[in-house]
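Protein chains: 2
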Amino acid sequence: MEKTTKSNFSFQLVSKDGSARAGLVTTPHGAVETPVFMPVGTQATVKSLTPAQLDEIGVQIILSNTYHLYLRPGADVIQEFGGLHNFMNWRKPILTDSGGFQVFSLGNLRQISDVGVVFKSHIDGSIHQFTPESAIAIQEKLGADIIMAFDECPEPHDRKYNEQALARTHRWAERCLQAKSRADQALFGIVQGGIFPDLRSQSAEFLTSLDFPGYSIGGLSVGESKEDMFAVIEVVTAILPETKPRYLMGVGTPYDLIEGIRRGIDMFDCVLPTRLARHHAAQTLHGRINLAKAEFARDHSPIDPECGCYTCANFSRAYLRHLIIAKEMLASTLISIHNIFTLTSLMQTLRKSILEERFETTAAQLLAGLEKTL
Amino acid sequence: MEKTTKSNFSFQLVSKDGSARAGLVTTPHGAVETPVFMPVGTQATVKSLTPAQLDEIGVQIILSNTYHLYLRPGADVIQEFGGLHNFMNWRKPILTDSGGFQVFSLGNLRQISDVGVVFKSHIDGSIHQFTPESAIAIQEKLGADIIMAFDECPEPHDRKYNEQALARTHRWAERCLQAKSRADQALFGIVQGGIFPDLRSQSAEFLTSLDFPGYSIGGLSVGESKEDMFAVIEVVTAILPETKPRYLMGVGTPYDLIEGIRRGIDMFDCVLPTRLARHHAAQTLHGRINLAKAEFARDHSPIDPECGCYTCANFSRAYLRHLIIAKEMLASTLISIHNIFTLTSLMQTLRKSILEERFETTAAQLLAGLEKTL
Chain A
1 MEKTTKSNFS
11 FQLVSKDGSA
21 RAGLVTTPHG
31 AVETPVFMPV
41 GTQATVKSLT
51 PAQLDEIGVQ
61 IILSNTYHLY
71 LRPGADVIQE
81 FGGLHNFMNW
91 RKPILTDSGG
101 FQVFSLGNLR
111 QISDVGVVFK
121 SHIDGSIHQF
131 TPESAIAIQE
141 KLGADIIMAF
151 DECPEPHDRK
161 YNEQALARTH
171 RWAERCLQAK
181 SRADQALFGI
191 VQGGIFPDLR
201 SQSAEFLTSL
211 DFPGYSIGGL
221 SVGESKEDMF
231 AVIEVVTAIL
241 PETKPRYLMG
251 VGTPYDLIEG
261 IRRGIDMFDC
271 VLPTRLARHH
281 AAQTLHGRIN
291 LAKAEFARDH
301 SPIDPECGCY
311 TCANFSRAYL
321 RHLIIAKEML
331 ASTLISIHNI
341 FTLTSLMQTL
351 RKSILEERFE
361 TTAAQLLAGL
371 EKTL
Chain B
375 MEKTTKSNFS
385 FQLVSKDGSA
395 RAGLVTTPHG
405 AVETPVFMPV
415 GTQATVKSLT
425 PAQLDEIGVQ
435 IILSNTYHLY
445 LRPGADVIQE
455 FGGLHNFMNW
465 RKPILTDSGG
475 FQVFSLGNLR
485 QISDVGVVFK
495 SHIDGSIHQF
505 TPESAIAIQE
515 KLGADIIMAF
525 DECPEPHDRK
535 YNEQALARTH
545 RWAERCLQAK
555 SRADQALFGI
565 VQGGIFPDLR
575 SQSAEFLTSL
585 DFPGYSIGGL
595 SVGESKEDMF
605 AVIEVVTAIL
615 PETKPRYLMG
625 VGTPYDLIEG
635 IRRGIDMFDC
645 VLPTRLARHH
655 AAQTLHGRIN
665 LAKAEFARDH
675 SPIDPECGCY
685 TCANFSRAYL
695 RHLIIAKEML
705 ASTLISIHNI
715 FTLTSLMQTL
725 RKSILEERFE
735 TTAAQLLAGL
745 EKTL
């Protein structure tokens, strides 16, 4: 199939099965087999895990947040270290978001204009401004392999606001392309438009005309229905070029991953596996398990007998429950290892099924085993 | 030199240099080269570290606390799992204390008699009793390779109390020997007697007459002066048999480790490396570093350029400070790895110097580099 190259970045569509795709993203820090789940390292650390542990899990690429790193430790500090890879000692690919989603999530702490967004730091209340130009400049200092355009993230059901915001997001996308100066980073455009198929179509078409090396779908998994989310994904992936990777932002339940891949998505990220771990919940392909429950006090079995992760190979539910009850940090570490491994190996399973042209069978079996749509 | 064997446990005195000793402790879970520093896994976890990380650091043996495990998750639970090694997935030797020190530290929450100690749980206020017999029974359920006699731990400067307590500790030592039923665990006697050389002599002589496979020195590093501590160690090690290991309980600063080894100590434990890590302090052989300080915000160097640990090989002081300021759990993990590695490799350095008969030179160089007596 076709191959698109832009500087050091390329995407190869290796195989298709229905709309599901197996691909290969190549970056200056190595290749990523898609579909891929990216764990989130908000503050230059995937919470409670060392880079060595992420490597052992089989993580290929992580995401980090521009908003948080800009505030702390500051983009200049990270630039001084030669970028985020050196700073946090993660030698594989990194993707940064633009800060857009975070500053729009600040609610009353921010003000929007065509110039950009003025916002108050959630840490100390200090005043800052992100513009398309500054969001790119900061991401160039951070030095991730894949960076994001600065976009506006409106409430998905508000038609009028979405129309206005989309026009601005498109103007900002052009300014981001203009502002970009590093050849070794791939800038993705972000499709917006809320739950409205016509706005989403318009956005996908406009951004495709700008010829980004990859496309994100933003503004989903923020409270809309599953039907609305999947309808939007179908509209958008039908328009986006086959030769570019598609990244569905902020999505990370097994159900949504499977349904996203079925509709042609290649990349996903979510804080869910590490956040669940800190709240004592283990993610399996048969539902979530609250390991704090008394019923696990003497349970000799691992979280998931079918799982091949370090945690399941070595520790019982009883031990994990003991760590939780005793408020030991190791609980978060061990459950995070399991949760990320679960999603990482789910991606490998689905990729293999695409290569072997049996995606629908595999997906149906997996979906039947899931508890509801989690 | 001589070798003492008691069931599966043995101690071989490999070499002496002055009073400093290089030895080999053999247990059912493998051998331990001495002198050795044992990290503390109070609640069946060395805080924030996986067993795989402890292995990589080079840790040979860990300590765990009977008092804490008895209360949570309960000795029966751990016995059901075939003991602590299985429960926490640590495959190398384990030493458990008797709970004595912890229950005596409870102050007003406990009552002492010849029978034992009645105490209130620090967790829920429930009432419990430890006796010499129950302390052994619990440790047999936990299944450590080396277990401790149940002793009374008085304030070290109170002569009258120490006389009474010592008589009781000696009676309890005999009861512990009587109560012991497992052949695959080595029971150490604990020398007490506060800061009083004559009481310490009396205790060392009495316990030696009971022929334990190893001896602990308890009740030190609890507020007495360095002079008193070292004087007691000298009195005791002059009496204890050369053919048995000597374990100085609760000691873990580089200064005290070096001075302890110089006086014939083989084994040490302390919570200090992991506790310091949780309070942002890195231990080096040139003093402690508070990594939270602003001066490290852009410091590219590792904690210690001469250190060979995972943390120093891969992370800067600036990154560690960032994790601390951002309240990220990974800070504790990475600093704990460094702190335990520092003490573990200090022990290896000193063992080598003993084998090569240059202990005093090595000790003098190390002591000259230390900041004060930390």
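Listed in order, the protein sequences are those of chains A and B. So in my numbering, the last one in the first sequence is 374, and the numbering has no gaps at all. So in my numbering, the last one in the second sequence is 748, and the numbering has no gaps at all. Using N, Cα and C, we set each Cβ at its ideal position, and we do this for glycine too. Bear in mind that the values here come from a model prediction, so they are computed numbers and not experimental data.
Practice problem: May I ask you to list the residues that DSSP assigns as paired with L659/B? | Solution: G661/B
Quiz item: Quick one: what's got a C-beta closer than 8 Å to E140/A's C-beta in the same chain, skipping five residues either side?
Solution: Taken in chain order, the residues that qualify are I147, K180, S181, R182, Q185.
Quiz item: To which residues of the same chain is S15/A closer than 6 Å at the C-beta, ignoring the five residues directly before and after it?
Solution: A22, I354, L355
Self-check item: Interface positions of the stretch 470-500 of chain B facing chain A (Cβ-Cβ less than 7 Å), listed along the chain
Solution: none
Quiz item: Which chain B residues are close to S10/A, counting only those with a beta carbon under 9 Å from its beta carbon?
Solution: Residues of chain B passing the Cβ test: none, with the nearest at roughly 29 Å.
Self-check item: Minimum Cβ-Cβ distance from E328/A to chain B less than 7 Å
Solution: yes
Quiz item: Beta-carbon separation of G592/B and Q576/B under 7 Å?
Solution: The Cβ atoms of G592/B and Q576/B do not sit closer than 7 Å to each other.
Quiz item: Between the beta-carbon of I435/B and the beta-carbon of M412/B, is there less than 7 Å?
Solution: yes
Quiz item: Do you know whose CA, among D211/A, D198/A, P154/A, lies nearest E174/A's CA?
Solution: Just measuring C-alpha positions, the residue of D211/A, D198/A, P154/A sitting nearest E174/A is D211/A.
Quiz item: If we count the other Cβ atoms within 10 Å of its Cβ and call it buried at 16 or more, is R465/B buried or exposed?
Solution: exposed
Quiz prompt | Residue from N382/B, A405/B, A737/B, L443/B whose Cα sits closest to the Cα of H322/A | solution = Closest by alpha carbon: L443/B.
Self-check item: Listed by chain order, chain A residues near K421/B by CB distance under 7 Å
Solution: E328, M329
Quiz item: Where does L78/A sit, in a helix, a strand or coil, going by DSSP?
Solution: The amino acid at residue 78/A is misidentified as Leu; the sequence shows Ile. Three-state result, I78/A: helix.
Exercise. Report the residues of the stretch 436-450 of chain B with a CB closer than 7 Å to any CB of chain A, ordered along the chain.
Key: R446, P447
Quiz item: Quick one: does Y589/B have its CB under 7 Å from some CB of chain A?
Solution: It does not: the Cβ of Y589/B has no partner Cβ on chain A nearer than 7 Å.
Practice problem: Kindly indicate the opening and closing residues of the beta strand (DSSP E) around C312/A. | Solution: Unbroken run through C312/A is the alpha helix (DSSP H), 310-314; no beta strand (DSSP E).
Quiz item: How is F604/B classed by DSSP in three states: helix, strand or coil?
Solution: helix
Exercise. Would you mind listing the beta strand (DSSP E) stretches within the stretch 531-602 of chain B that are 3+ residues and don't spill past its ends, in chain order?
Key: 560-565, 588-591
Practice problem: In angstroms with no decimal places, state the Cα-to-Cα distance between T349/A and A149/A. | Solution: Going from the Cα of T349/A to the Cα of A149/A covers about 31 Å.
Practice problem: Verify the CB distance criterion: does Y693/B have a CB-CB separation below 7 Å to chain A? | Solution: yes
Self-check item: Burial state of E601/B (16 or more Cβ within 10 Å)
Solution: For E601/B, the number of other beta carbons within 10 angstroms of its own is below 16, and it is reported as exposed.
Quiz item: So is Q60/A in contact with chain B if we call contact Cβ pairs under 7 Å?
Solution: no
Quiz prompt | T735/B in three-state terms, based on DSSP | solution = helix
Quiz item: What number of angstroms, rounded off, separates the C-alpha of G99/A from the C-alpha of A135/A?
Solution: One C-alpha to the other measures close to 7 Å.
Quiz item: Quick one: which chain A residues come within Cβ less than 7 Å of L697/B?
Solution: T45
Quiz item: For the putative contact between A394/B and R545/B, defined by C-beta atoms under 8 Å, what is the C-beta separation to the nearest angstrom?
Solution: Rounded, the Cβ-Cβ distance is 34 Å, inconsistent with contact.
Exercise. Tell me, to the nearest whole angstrom, how far the beta carbon of G369/A is from that of L257/A; I am working on the premise that it is less than 8 Å.
Key: The Cβ separation is near 14 Å, so there is no contact.
Exercise. Starting from the C-beta of A165/A, find all residues in its chain whose C-beta is less than 6 Å away, skip the five residues before and the five after it, and write them out in chain order.
Key: E152, P154
Quiz item: How long is the line joining the alpha carbons of M88/A and E80/A, rounded to whole angstroms?
Solution: 13 Å
Quiz item: Residues bridged to T408/B by DSSP?
Solution: G397/B
Quiz prompt | Start-end ranges of the alpha helix (DSSP H) lying completely within the stretch 36-121 of chain A, minimum 4 residues | solution = With a minimum length of 4 residues, the continuous alpha helix (DSSP H) runs that stay inside the stretch 36-121 of chain A are 51-57, 66-71, 75-80, 84-88, 100-104.
Practice problem: Express the C-alpha separation of R574/B and Q610/B in angstroms, rounding to a whole number. | Solution: For clarity, residue 610/B is Val in the given sequence; the question names Gln instead. One C-alpha to the other measures close to 6 Å.
Quiz item: Per the contact definition of three or more C-beta pairs closer than 8 Å, is the stretch 301-316 of chain A in contact with the stretch 237-249 of chain A?
Solution: no
Exercise. List the residues of chain B that N89/A touches, going by C-beta distances under 8 Å, in chain order.
Key: N688, F689, Y693
Quiz item: With distances taken from CA atoms, which of M641/B, L646/B, D640/B, S438/B is nearest T627/B?
Solution: Comparing alpha carbon positions, the residue from M641/B, L646/B, D640/B, S438/B closest to T627/B is L646/B.
Quiz prompt | Min CB distance R672/B to chain A below 7 Å | solution = yes
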